[in-house]
């Protein structure tokens with residue numbers, strides 16, 4: 610694992626998303642040389658994967674509480690979007 614990947618893996622979801630948004634703005638501006646664009650794209654893909662991994666982990670933890678007839682929590686079930 611390279612140093613950049615290790616650094617990305619330590620980012621919070623919000624920080625990774627901000628970094629990804631910055632890269633998208635740079636690429637959309639059209640002012641970045643080709644080689645730099647390729648490097649930015651590669652970093653952006655790593656950030657996207659990191660964000661997706663964080664979202665998947667969060668979704669797996671979300672559970673919806675199902676109330677029984679007495680109003681008490683009877684069970685839980687996975688949250689479905």
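Numbering (our numbering), first residue to last: 610 to 690. Glycine included, every Cβ here is placed at the ideal spot set by N, Cα and C. Computed from a predicted model, the values in this text were never measured in an experiment.
Asked                                                                                                               : Found
Residue 647 classed as buried or exposed, judged by whether at least 16 other C-beta atoms fall within 10 angstroms : exposed
Environment of residue 655 [buried if 16+ CB atoms lie within 10 Å]                                                 : buried
Proximity to residue 657 [Cα-Cα], best of 611, 612 and 624                                                          : 624
Residue 620 in three-state terms, based on DSSP                                                                     : coil
Of the listed residues 617, 620, 619 and 650, nearest to residue 634 (C-alpha basis)                                : 650
Distance between residue 620 and residue 693 (C-alpha atoms, nearest Å)                                             : The shown model of the chain, from 610 to 690, leaves out residue 693, and the question about it has no answer.
CA nearest to the CA of residue 615, picked from 679, 669, 659 and 668                                              : 659
Cα-Cα separation between residue 642 and residue 628, rounded to whole angstroms                                    : 19 Å
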